[in-house]
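In my numbering, the protein residues as written are 16 to 322.
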Ligand code: ATP
Ligand code: MG
């Protein structure tokens, strides 16, 4: 397990941005595979399987210890593989200790509140892993790319100035610092897919009947704003990557590699915590011994089972 954690840490580090200053999206190639062979899907899948097993063991302790919570935020262009990454990386974890929240266009009730409101309601409890499939970061992405969306938010006019994006980044940074100071560990993933690979995946959704349901004309419309989105993503990483809430800019042109990096980053985050099973007190030990007697079990038998 130690060796696997070490490997995971090394892989995660390669894509982690803890200080956004000067970050350029160009620094990360969507097709990068950190030396893995693109055709060696089998080796990648085996590594992912091992990663999932490590994750399962760490999550079990997170849940039992009931002190820390972990919030994983996923942002990406359409078809970058958010859903698949969430599904595969979390495949081994106990569903009781994990909750996924997907944030779509806000409802009228959402718009009657500040933009963090709907997200705060879905923050993970202690001991749990919370996953945001999209998040309050949309407030600096789709809302920035489409000024008409901002116009429909019921903000007092005097508050909508040229500084609004700078202010949102600032508020988000402060919010995430608040979370981390409360024992909620925040890790953010931008799955960075290339425009070319997105085209290929859209065509696949059109060509394969079992994938037709995934295609949406709206996704195609957003594709035409590609450059604006890339600028917004770059600025987002620059302004909101911090040591307590880093961004992982994950190459997303190869699905299995994306999943491997996400798993590695989650392992890295969990391995940083002082996770351990709660210690049983002397009094609890006595109660356990009494229960064992009541069940007709002997101390000897339990000792034998342990070894
Ligand atoms: P999938 O297509 O795989 O089901 P998805 O996350 O793309 O997943 P959709 O329902 O297709 O889900 O899209 C959600 C849409 O909601 C996205 O276009 C996103 O930009 C938009 N959205 C999310 N948050 C906001 C927000 N705060 N303001 C406006 N639009 C938002
Ligand atoms: Mg969609």
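Built from N, CA and C at the ideal position, the CB exists for glycine as well.
Excluding the 5 residues flanking it on each side, residue 134 has same chain C-beta neighbours closer than 8 Å at 116, 118, 147, 150, 151, in chain order.
In this structure, ligand 2 has no non-hydrogen atom nearer than 7 Å to the beta-carbon of residue 47. Using a Cβ-Cβ distance cut-off of 8 Å, the region 69-81 and the region 278-285 are in contact, since at least three pairs of beta carbons, one from each stretch, lie closer than that value.
Residue burial is scored here from C-beta neighbours: residue 189 has fewer than 16 other C-beta atoms within 10 angstroms and is therefore classed as exposed.
Not one heavy atom of ligand 1 lies closer than 7 Å to the C-beta of residue 236.
The beta carbon of residue 48 lies closer than 8 Å to those of 266, 269, 272 in the same chain, with the five residues before and after it left out.
Around the beta carbon of residue 173, fewer than 16 other beta carbons lie within 10 angstroms, which makes this residue exposed.
With contact defined as three or more Cβ pairs closer than 8 Å, the region 176-194 and the region 221-231 are not in contact. At least one heavy atom of ligand 1 lies less than 7 Å from the C-beta of residue 157. In the three-state DSSP reduction, residue 61 falls in the helix class (H, G or I). Here residue 144 really is in contact with residue 112; their C-beta atoms are around 6 Å apart, less than 8 Å. Taking C-beta atoms as the reference points, residue 37 and residue 254 fail to come closer than 8 Å.
Nearest to residue 156 by alpha-carbon distance, out of 114, 63, 141, 183, is 183. Residue pairing of residue 91 in beta bridges, as defined by DSSP: 206. Contact check for residue 217 and residue 91: beta-carbon distance about 14 Å, past the 8 Å limit, so the pair fails to qualify. Contact annotation: residue 248 and residue 40 have beta-carbon atoms nearer than 8 Å. Excluding the 5 residues flanking it on each side, residue 194 has same chain C-beta neighbours closer than 6 Å at 201, in chain order.
Assigned with DSSP and collapsed to three states, residue 311 falls in coil, not helix or strand.
In the three-state DSSP reduction, residue 236 falls in the helix class (H, G or I). By the beta-carbon neighbour count (other beta carbons within 10 angstroms, threshold 16), residue 250 is buried. In chain order, 238, 241 place their CB closer than 8 Å to the CB of residue 210, counting only its own chain and leaving out the 5 sequence neighbours on each side. If the five residues before and after residue 231 are omitted, its C-beta is found closer than 6 Å to no C-beta atom of its own chain. DSSP places residue 201 within a strand segment (E or B) once states are collapsed to three. Considering only 198, 178, 196, 130, the residue with the shortest C-alpha distance to residue 167 is 130. Beyond the five residues adjoining it in sequence on each side, residue 98 comes within less than 8 Å, by CB distance, of 148 in the same chain, given in chain order.
For residue 187, the CB stays at least 7 Å from every heavy atom of ligand 1.
Here residue 114 carries a strand assignment [DSSP, helix/strand/coil].
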